[in-house]
Structure formats: structure tokens, C-alpha cells
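Have a look at the structure below before the remarks.
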Amino acid sequence: MANNIFRQAAELLKAKDNGAELTEEELELINIAIIPMTIHGCPLPEDIPIGEGLEELA
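In C-alpha cells, the structure reads:
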């Protein structure tokens, strides 16, 4: 797995979309990774899909 938290989260979201069951630790990693996307002033558009935004941050 990638060592970049944003890339890891994006890969986990793709796996989840493909039917994989995620552990609590993996879900927590995703929640931590999306924090920068929720902060006011984030350079990403507000309507960008989470997976795409994580790829941009990675």
C-alpha cells in the first residue's frame, strides 16, 4: 500500500466501491485523510468527488 495517506485513502475508497469490507482502522484513515477537503479555503472545488479530491491531494 502507498505511504501517502491521501493515496491510501483513495485506494481504500476504490476497494470499498468494489465491495471490499473495510476495517475500523481503514475507515478512520479515510476520515483523517478527508479533513483537509472539509477545511474552508481548501484549494479543491467543493463539489469534487472524495476519491478524486484525495488523488489531487496525493
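Just add 44 to wherever you are in the sequence shown, counting from 1, and you've got the working numbering. Even for Gly, the Cβ is constructed at its ideal location relative to N, Cα and C.
| Item | Value |
| --- | --- |
| Buried or exposed (CB count within 10 angstroms, at least 16 for buried), Leu-88 | exposed |
| Extent of the continuous alpha helix (DSSP H) run through Glu-100 | 94-101 |
| Helix, strand or coil at Thr-67 according to DSSP, with G and I counted as helix | coil |
| Alpha-carbon to alpha-carbon, Asn-48 and Met-81 | 16 Å |
| Assigned secondary structure, Pro-80 (DSSP; H/G/I helix, E/B strand, else coil) | helix |
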